[in-house]
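Colleague: This is the structure I have questions about; it appears just below.
Numbering (the working numbering), first residue to last: 10 to 429.
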């Protein structure tokens, strides 16, 4: 076995997993499993440790390396696991020298290679030729976060906000397009905070406009999760370009003003609604998803109903809802907690509302012709990110597809011709 990566969590982790694999192989590492962890919830940490134990059972001779956000925030707990050979912090996980075979076999006290993430001030532009097994590529444009939401441990796993220079981002995307990728997703920890640490203080909107201008052969550009309060004027201008996909995911977290204040979010529900309305006025086909936490400390039934109602008011169609999970070291963990069973039930109701909205969106597309990027096994995605089943389509194709009906995933359709 060469180097295998197992990634948990966000799209940025998916991107970084490819970089780590390439850097580890460059360092001469083999017969190794890199487990790239997530720390967003206590459950995510538990799953990572479970994966470590399984990896050791299934591969008794392999080197087990743990990195990522949970490795940064809970380094010692992973270092104390007998199954783990090395723990690497987020600051060093993208460096080839971190994976040189000579670093293995050290005593327990030395196998934890985790530095102070809060001292990191630069984000290197790591160029990769593609994403293994994917037809779209994720490109890291930003890392870290300067905000301190009361529920979130991620700033302590990722460090301060820092941006990749625009020129490096553009060059990477040019390389990906030359290698046949038809869609690129801009990703980061808090990408709407992009730019103030760079010369000239560019914004996410300026970066988006630069990509669309300087990479004219890129068919589809997609932006991942955004903080609506940080959307800048240039981003609104860029929305009119049809190559920017009409799908945005909001870092919403709640639809109730009091809960948003207790979360230390920087927007209220009306602020988020105003952003949705403004973007839809500029791009009527725009669809939105959102992250929503159910059962945040002190959340009453009435507060929860405000979140549930927000899904309808904003016409959200992709809901990532999950019950609140206290993270030690965060202010929210010390607040009065909501019963876990109640939180799970509320999260289920949010998902049900999102599913109803999603099915309505799917029904509205029947009979339409959609531009679909085929991923694998006959499954593709429309510009609005709706899954489409297409018989006989090859991965990587960009097709005009006539939507004939629904499928278990979303839609079903028949190719008309290759999209221009």
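We put the CB at the ideal spot given by N, CA and C, even for glycine.
Just to confirm my understanding: we take residue 14, look at its own chain, exclude 5 residues before and 5 after, and list those with CB closer than 7 Å. What are they?
Modeller: 26, 29, 30, 43 and 45
Colleague: Identify the continuous alpha helix (DSSP H) that holds residue 258 and give its terminal residues.
Modeller: Per DSSP, residue 258 belongs to no alpha helix (DSSP H); it is in the beta strand (DSSP E), 256-262.
Colleague: Ends of the alpha helix (DSSP H) at residue 98?
Modeller: Secondary structure note for residue 98: it is in no alpha helix (DSSP H), with a DSSP letter that is neither H nor E.
Colleague: Within 10 angstroms of the Cβ of residue 35, are there 16 or more other Cβ atoms? Answer buried if so, exposed if not.
Modeller: exposed
Colleague: Should residue 241 and residue 212 be called a contact, given that it needs their Cβ atoms to be closer than 7 Å?
Modeller: Here residue 241 is near residue 212, since their CB atoms are less than 7 Å apart.
Colleague: If the criterion is Cβ atoms closer than 7 Å, does the pair residue 391 and residue 383 meet it?
Modeller: It is not a contact, given that the beta carbons lie outside the stated cut-off.
Colleague: Under 7 Å, do residue 250 and residue 221 count as touching if we go by C-beta distance?
Modeller: yes
Colleague: Between residue 156 and residue 199, which are expected to be in contact by the criterion C-beta below 8 Å, what is the C-beta distance as a whole number of angstroms?
Modeller: 7 Å
Colleague: Which residues in the same chain as residue 175 place their Cβ atom closer than 7 Å to its Cβ, once the five residues preceding and following it in sequence are excluded?
Modeller: 211, 216 and 219
Colleague: Please confirm if the region 337-355 is in contact with the region 156-166, defined as three or more CB-CB distances below 8 Å between the two stretches.
Modeller: yes
Colleague: Using DSSP with H/G/I as helix, E/B as strand and the rest coil, what is residue 190?
Modeller: coil
Colleague: Where do the ends of the beta strand (DSSP E) carrying residue 303 lie?
Modeller: It spans 296-303 - the beta strand (DSSP E) in which residue 303 sits, taken as one unbroken run.
Colleague: Under the three-state reduction of DSSP, which class applies to residue 409: helix, strand or coil?
Modeller: Residue 409 falls in the strand class under three-state DSSP.
Colleague: As a quick exercise: from 20, 107, 187 and 288, pick the residue whose alpha carbon is nearest that of residue 255.
Modeller: 288
Colleague: Near residue 152, what residues of its chain come up, given a Cβ to Cβ distance below 7 Å and the 5 sequence neighbours on each side ignored?
Modeller: 132, 167, 171, 197 and 198
Colleague: Are residue 394 and residue 355 close, meaning C-beta to C-beta below 7 Å?
Modeller: Going by C-beta atoms, residue 394 is not nearer than 7 Å to residue 355.
Colleague: State the DSSP-derived secondary structure class of residue 383, mapped to helix, strand or coil.
Modeller: Here residue 383 sits in strand by DSSP.
Colleague: Does DSSP put residue 424 in a helix, a strand or coil?
Modeller: strand
Colleague: Across which residues does DSSP place residue 72 in a beta bridge pair?
Modeller: 41
Colleague: Three-state secondary structure (DSSP) at residue 398?
Modeller: Residue state, collapsed to three classes: strand.
Colleague: Give every residue of the same chain whose Cβ lies closer than 6 Å to the Cβ of residue 80, excluding the five residues on either side of it in the sequence, and list them in chain order.
Modeller: 46, 87 and 96
Colleague: Any chance the region 360-380 sits against the region 322-337, with 3 or more Cβ pairs inside 8 Å?
Modeller: yes
Colleague: Pull up the distance between the alpha-carbon of residue 37 and that of residue 214, whole angstroms please.
Modeller: 40 Å
Colleague: Looking only at its chain, what residues have a beta carbon closer than 6 Å to the beta carbon of residue 264, apart from the 5 residues adjacent to it on each side?
Modeller: 278, 315, 316 and 319
Colleague: Locate the alpha helix (DSSP H) running through residue 148, then write down its first and last residues.
Modeller: Run containing residue 148: none in the alpha helix (DSSP H); it sits in the beta strand (DSSP E), 145-149.
Colleague: Suppose contacts are defined by Cβ-Cβ distances below 7 Å. Is residue 385 in contact with residue 404 by that definition?
Modeller: yes
Colleague: Let me know if residue 311 comes out buried or exposed under the rule of 16 or more other beta-carbons within 10 Å of its beta-carbon.
Modeller: Classification for residue 311: exposed.
Colleague: Cβ of residue 231 within 7 Å of Cβ of residue 179?
Modeller: no
Colleague: Could you check where the alpha helix (DSSP H) with residue 203 kicks off and where it finishes?
Modeller: Careful: residue 203 lies outside any alpha helix (DSSP H) and carries neither H nor E.
Colleague: Alpha carbon to alpha carbon, how far is residue 379 from residue 253?
Modeller: 15 Å
Colleague: Check residue 217 in the structure and name its three-state DSSP category.
Modeller: helix
Colleague: Would you decide whether residue 149 is buried or exposed? Buried here means 16 or more other CB atoms lie within 10 Å of its CB.
Modeller: buried
Colleague: For residue 21, count neighbouring C-beta atoms within 10 Å of its own C-beta (all shown protein chains included) and say buried if the count is 16 or more, exposed if not.
Modeller: buried
Colleague: Going along the chain, which residues of its own chain have a beta-carbon closer than 7 Å to the beta-carbon of residue 273, five neighbours each way excluded?
Modeller: 157, 158 and 159
Colleague: Less than 8 Å between C-beta atoms, sequence neighbours within five positions excluded: which residues of the same chain meet that for residue 60?
Modeller: 15, 17 and 44
Colleague: For the putative contact between residue 410 and residue 422, defined by C-beta atoms under 8 Å, what is the C-beta separation to the nearest angstrom?
Modeller: 4 Å
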